[in-house]
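Read the structure below first, then the notes.
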Amino acid sequence: MTDTTNTSPDVDSSIYDELPDAPPKTRLRLSWVGKISVAVVAFWVFIAIVGPYIAPYHEAFFIEDDLAGNPIDDPSFMLPSSQAWLGTDYLGRDILSRIMWGARTTIGISFIATLLAYSIGITMGIAAAVAGGWTDAALSRMVDAVLSFPNIMLGLIVIAAFGSSIPMLILLAGVIYAASVFRIARALGQDIMVQDYVEAARARGEGLWWIISKEVLPNAAMPLATDFGLRLVFVILFISTLSFLGLGVQPPISDWGSMVRANLQGLGNGLGGGALAPLAPALAIASLTIAINLIVDDISAQAGGSLAGKMS
Amino acid sequence: MWQMVLRRILIGLVLIWVVSVFIFILTQVLPGDAAQIRLGQQATPESLAALRKELGLDRSLPVQYFSWIGNLLIGNLGISAAGGATIESLIGNRIGNTVFMTAIVTLISVPLSVVLGLIAAMFPGRLIDRVITSGTLGLIAVPDFFVAIFLILFLAVQLGWVPAVSYLSGSEGFWKSVYVLALPIGTLVIVVSAQMIRMTRAGILNVMGSPYIEMAILKGVPRKRIILRHALLNAIGPIVNVIALNLAYLVSGVVVIETIFAYPGLAKLMVDGVQTRDIPLVQACGMIFCTTYVVLILIADIASIVSNPRLRHPK
Amino acid sequence: MTRKVTGGIVCGDLAYEDLNPVDKGLIDSALRRGASRREVMGYLVASGATIAAAGSIFAGAQEALAATPKKGGSVRFAWDLHGPSDTLDPILFTSSLDYGRGRIHYNNLCRFRDDLTVGPELATEWEANKDVTEWTFKLRKGVEWHDGSKFSADDVVYSMMRHLGEASTSKAKVLVADVKEWVKIDDHTVKAVMTAPNAELPIVLGTFHFKIVKNGTTDFQNPIGTGPYTLDEFKPGVRSVHTRNDNYWNTDHEGPYIEQYEAFGITDNVARVNALLSGDIQMMAQLDPKAFSQVEASESAEIFAVASGAYPTISCMLDKEPGNNPDFVTGLKHLQRRDRILKVIHKGQGSLGNDQPVGPAYGADWCKEANDPVSHPYDPEKAKFHLKKSGVSGAELHVAEVSPGLTDICLMLQRECSKVGFDLQIKKVPNDGYWGAVWMKQPMNVSSWNMRPSANIMMTLAYKSDAPWNETSWKNERFDQLLAMARAELDAGKRHEMNCEAQKLCSQGAGSLIATHKAYVDAKAKIIKGFPRVPIAAFGGMEWPEYIWRDDA
């Protein structure tokens, strides 16, 4: 047995709330799973952009008459047909159209909110790491206060007080998740600040801004980017939990999470009675989020485990 | 280290106080007060004024806050503004319920996640890794209420194996309670494990990519030994941190599960408190959640310090 | 297979089991009232059933009714709302769970029958003086509280006085605003002294908030009642447990039959249905119309529906922009697809509304001439004309889901508006805080009303010019006059005429968009039987606790 105990661990595992994966060391080459995932994400982004223009109906459209123009007795929870390819929801609206319209809302809200969380979290996290001392302590305690507070409680209060418009939802999710991003960014920042190359830069007399932009950010970028995937899922789920409590996006705007919620009863009615109505948007959420995270996994598997994977 | 623990406890106490002020201010932003909500559609100006007086809501805000703090210091949590029961009685058995559920879910999900995460990390990119990662992703990628209702329909309504509501009378034994709670426990294990598995895997892979592990691999150290002795030990800090945050979530954030299974826990109580503008109740819940968070993070920090020599002896 | 037949119309060859829950209930009620075979058959045939079908329906109904109640067994029931605000204080009852517990634990002075008349309960008889300004109640003798003490006039005076005066926090204060005081005559006689004539006081006293509590009770965590069940445990937001009171005073029937009740809430609609279907609970209130087909397909559970005058409504406040423009309101009224709302949102369990609060379930109080056909039928052309004339091009409607399906009704209206080029914005707000911050404040808002025991009470509460809950700020002198006259009128024919005129006025003038009246639709295990069907709240007006029984006991 080789004695490895003297191989002192050279890596710092500071406190992240979710640990990002290591940056890739080689040029990215995706596996076939990764390629499919990229295709899926690209598909949804495409739908988000053009969905409303190519959808068969408007998201607020109620199907009332059949194709021949005769009134339908009860258009809710209809089975798939040439009129509504995925059937209708509990009010008789076309599910396919609502998913296409909803792509824009769901992807838009979660993407912008996650970006917002990242810009707030990274700015403050790196600032805390670089500045240290009181700035760090004050920012960290503030973040602790937000984190110790259940998300849903903040959501309830903010929405009850200011309403649930889409900008409000984005702001809310952005601020809540900024706290988690802050913790990661700060830990990474602290890690990097004590690296030799940063100390060397300091010794050279480089300014703070130079160090942040040229040393800290590039080195923290990849781990932060890989955390992005999971964060996006959390935002989508957070919005759908709000819709569970009746506080989601404003009707008649469609959003995948609220579609699952509003049609949930269809699941109990069985495949013949509307199970597709909650299943279809649930699958949309799942396909998007799984694809994003599989891409992330692919990168981390290649980067982190290239050697480990070869051992067998 | 003891110094650090002591300092953290002090900071924790300050944090709890800050949160209490924060909650008080936030609840003032909300439209309506406890009297208004309680009388609802049937409110008349007269009955509103009468109820406000009865609940002490006609006093000025600072007076309300300090009378609450004063009572708290002598161990009196106050009376629920929404229904008139004492806060102790409302919180009392729900704490037990929440702790029980959290404990069981933790006991199942933590070992499960660490083992599955380890396995996935041992074979990154292989089939078993793909199965574990996409399986867990599939489970967190859909809203939890969807998973819960699906499990109810399948296991409770169709097969009749387990109850659809988590209704405990308080006289059940341990195994009977676990049986009654099977569905919410299962749903929560799915929800929290998925994230912990991913983080364990990511944490270990992160360490595996580091030069000293590569060195060990090249030296020919057996894989098992590398992962268990070096990688896992070094990844403990972040893993414990994720576990701590998930525990905090189990205590305060599982309102959907508590609602669907009608399980009387703290998260739903807090949501009810906010919705009925029951400030004493929201305050009490806020204190509990904040304390839980502070304690869990403290434990996680200690664990990562103990497991990491470099943190144990800072430069 | 249940055919969805609505509004008391039976068609085709059906057996009793095939009837829709509302019709089943109508026949049950008729039989319990002692209606003869001839009457019931007549009704059935008049509604379109063949003689053979009517015969088989009648036989089935009789058989179901003749089954002898059995004693024993326990029942768990889950209602749609519960939380820390659950209370056993009658004057603060809010949810139907509170109402149910109240019925289990306490008694009223008078009790509702299925036809909304009142019969004796803790009061055995009552009479008014000539000008109906004083009501005297004779109280039942030999009634004991759960702690063994004797029930007397002091308890009644204490309970009733809690609704009066400035300091009262009662939710039903408005209903007894014209009562000046309650006076004890002797140990078993009390008198209500009124400031204005009110022939309907006994009816009011049958409603939920007028339960009799023990003299001097201030702590309602563990109160004492006279009701059919005693309290074992009460934890707000968790559950309550009630055990049969074997010393119960009511000897008119063999009940109470059920050994023990456990009451709690499952707030999620989907979860509540599944709890019933899996057999974890035996009764559930507020069945989501989307779940009708799931329950109908079940072997162990069935729908329990009672036609009612309850209604969800959209209000345009007439004293604010744009509701102050009559053409705007008229235009919107013409855009309601009432039949569609009834079909798609209520799944047929209800009746068409006519923009005024009284529906067919009010029986003789409802005026067919004034409401059928509706005064503002769906007519996009007319709507377009009126909206154009009004000069209003858009409006904002504040919506909270205070009644299931209400948001969907608003969405349908929005859709119809967009068809005629009118921009109706919907602003959804949370339920909590809604009544205080939005209702009767925003120019367009929504609300939801339970059925009241009489048309007069309903219209007085929500439409009298000076009513605190006059939600559309409609002021009409003639209407107020009619209400007061009808209240003092003892001749049924004249009263009906007044009711007709009032309903017509309200439908034309008020700012309410009442497209439908909905039935109370709940669900229960098939083995639970014997329910009364009073239409003023969920589950037959919550009158069931001492009557229902388990067939498998």
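Residue numbers (my numbering), protein chains in the order written: chain S, 207 to 518; chain E, 570 to 884; chain V, 58 to 610.
The C-beta atom is built at its ideal place from N, Cα and C for all residues, glycine as well.
Chain V contacts made by the region 348 to 382 of chain S, where a contact means CB separation under 8 Å
Taking 8 Å as the Cβ-Cβ cut-off, the region 348 to 382 of chain S approaches chain V at Leu362, Ile365, Ala366, Gly369, Ser370, given in chain order.
Quick one: complete beta strand (DSSP E) runs, 3+ long, within the region 311 to 374 of chain V?
Taking only runs of at least 3 residues, the beta strand (DSSP E) segments lying wholly in the region 311 to 374 of chain V are 317 to 322, 358 to 363, 368 to 373.
When the cut-off is 7 Å and only beta carbons count, does proline 833 of chain E lie next to chain V?
Chain V, which has a Cβ nearer than 7 Å to the Cβ of proline 833 of chain E, makes this yes.
Give the DSSP-derived three-state secondary structure of asparagine 645 of chain E in the structure shown.
Asparagine 645 of chain E: coil per DSSP, three-state reduction.
Cβ-based neighbour list, alanine 427 of chain V, same chain, cut-off 6 Å, excluding 5 preceding and 5 following:
If we look at alanine 427 of chain V and ignore the five residues flanking it on each side, its Cβ neighbours are Cys557, Gln560, Lys561.
For the structure I just gave you, are there three or more beta carbon pairs, one from the region 414 to 426 of chain S and one from the region 377 to 388 of chain S, closer than 8 Å?
Per the Cβ contact rule, the region 414 to 426 of chain S is not in contact with the region 377 to 388 of chain S (fewer than 3 Cβ pairs under 8 Å).
What residues in its chain sit with their C-beta under 8 Å from that of alanine 717 of chain E, if we drop five residues either side in the sequence?
The answer, listed in chain order, is Leu752, Pro753, Thr756, Val825, Ile826, Ile829, Phe830.
Between which two residues does the alpha helix (DSSP H) containing alanine 391 of chain S stretch?
Run containing alanine 391 of chain S: 372 to 399, per the alpha helix (DSSP H) assignment.
Between the region 210 to 219 of chain V and the region 233 to 249 of chain V, do at least 3 Cβ pairs fall closer than 8 Å?
Taking a contact to require three or more Cβ pairs closer than 8 Å, the region 210 to 219 of chain V and the region 233 to 249 of chain V qualify as touching.
Within chain V, the residues that proline 262 of chain S reaches when beta carbons sit closer than 9 Å:
Within 9 Å of the CB of proline 262 of chain S, no CB atom of chain V is found; the nearest one sits about 16 Å away.
Can you list, in chain order, the residues of the region 452 to 463 of chain S whose Cβ is nearer than 7 Å to any Cβ on chain E?
Residues Gly463.
Kindly list the residues whose CB is nearer than 6 Å to the CB of arginine 509 of chain V, restricted to its own chain and excluding five residues on each side of it in sequence; keep chain order.
Excluding its 5 nearest sequence neighbours in each direction, arginine 509 of chain V has C-beta neighbours in its own chain below 6 Å: Met515, listed in chain order.
Would you decide whether glutamine 339 of chain V is buried or exposed? Buried here means 16 or more other CB atoms lie within 10 Å of its CB.
Glutamine 339 of chain V should be labelled buried.
Just how far apart, CA to CA, sit proline 600 of chain E and asparagine 382 of chain V?
Distance between the alpha carbons of proline 600 of chain E and asparagine 382 of chain V: 29 Å.
Leucine 378 of chain S versus glycine 361 of chain S - alpha carbon distance
Between leucine 378 of chain S and glycine 361 of chain S, the C-alpha separation is close to 7 Å.
From what residue to what residue does the alpha helix (DSSP H) around arginine 472 of chain V run?
Its alpha helix (DSSP H) spans residues 463 to 476.
Taking the alpha-carbon positions, what's the isoleucine 805 of chain E to serine 876 of chain E distance?
Those two C-alpha atoms are separated by around 7 Å.
Determine the chain S residues that contact glutamine 499 of chain V at a beta-carbon separation under 8 Å, and present them in chain order.
Against chain S, a Cβ distance below 8 Å from glutamine 499 of chain V picks out nothing, because the smallest value is about 12 Å.
With distances taken Cα to Cα, identify the nearest neighbour of proline 356 of chain S among E:Met856, E:Met573, E:Ile580.
Cα-wise, what sits closest to proline 356 of chain S is E:Met856.
As an exercise, report each continuous alpha helix (DSSP H) stretch of at least 4 residues that is fully enclosed by the region 540 to 592 of chain V, in chain order.
Within the region 540 to 592 of chain V, the complete alpha helix (DSSP H) runs of at least 4 residues are 549 to 566.
Under 7 Å between C-beta atoms, does glutamate 615 of chain E make it to chain V?
Chain V contact via Cβ: present.
For the alpha helix (DSSP H) holding leucine 769 of chain E, just list the boundary residues, first then last.
Checking the sequence shown, residue 769 of chain E turns out to be threonine, not leucine. Run containing threonine 769 of chain E: 751 to 777, per the alpha helix (DSSP H) assignment.
Does the count of Cβ pairs from the region 664 to 675 of chain E and the region 832 to 839 of chain E closer than 8 Å reach three?
Output reads yes: the region 832 to 839 of chain E touches the region 664 to 675 of chain E.
Which ranges does the alpha helix (DSSP H) cover as unbroken runs of at least 4 residues, wholly within the region 421 to 451 of chain V, from first to last along the chain?
Those alpha helix (DSSP H) runs which fall completely within the region 421 to 451 of chain V and span 4+ residues are 425 to 428, 437 to 447.
Examine chain E for any beta-carbon lying closer than 7 Å to the beta-carbon of aspartate 447 of chain S, and answer yes or no.
Residue identity check: residue 447 of chain S is threonine in the sequence provided, not aspartate. Closer than 7 Å to some Cβ of chain E, the Cβ of threonine 447 of chain S qualifies, so yes.
According to DSSP, simplified to helix, strand and coil, what is leucine 599 of chain E?
Coil, per DSSP.
Check whether threonine 702 of chain E and aspartate 503 of chain S have beta carbons under 7 Å apart:
Taking 7 Å as the Cβ cut-off, threonine 702 of chain E and aspartate 503 of chain S qualify as a contacting pair.
Excluding five sequence neighbours on each side, which residues of the same chain lie with their C-beta closer than 6 Å to the C-beta of leucine 444 of chain V?
Excluding sequence neighbours, leucine 444 of chain V sits near Gly388, Phe479.
Where the alpha helix (DSSP H) containing valine 825 of chain E begins and where it ends
Counting along the chain, valine 825 of chain E sits inside the alpha helix (DSSP H) bounded by residues 824 to 829.
Near leucine 285 of chain S, what residues of its chain come up, given a Cβ to Cβ distance below 6 Å and the 5 sequence neighbours on each side ignored?
Around leucine 285 of chain S, the same chain offers Gly293 as residues with beta carbons nearer than 6 Å, after the five sequence neighbours per side are excluded.
Proline 229 of chain S to arginine 770 of chain E span [Cα, whole Å]
Since pLDDT at proline 229 of chain S reaches only 43, below the 50 mark, its modelled position is unreliable, and no value is offered.
Who are the near neighbours of valine 495 of chain V in its chain, counting only those whose CB is closer than 8 Å to its CB and skipping five residues on each side?
Only His455, Ala457, Val486, Asn502 meet the Cβ criterion.
Under the DSSP definition of a beta bridge, which residues are partnered with phenylalanine 169 of chain V?
Answer is V:Val175.
With DSSP as the reference, label arginine 301 of chain V as helix, strand or coil.
Of the three classes helix, strand and coil, the one that applies to arginine 301 of chain V here is strand, per DSSP.
DSSP-derived helix/strand/coil call for glutamate 603 of chain V
Coil at glutamate 603 of chain V, not helix or strand.
If we count the other Cβ atoms within 10 Å of its Cβ and call it buried at 16 or more, is isoleucine 592 of chain E buried or exposed?
It counts as buried.
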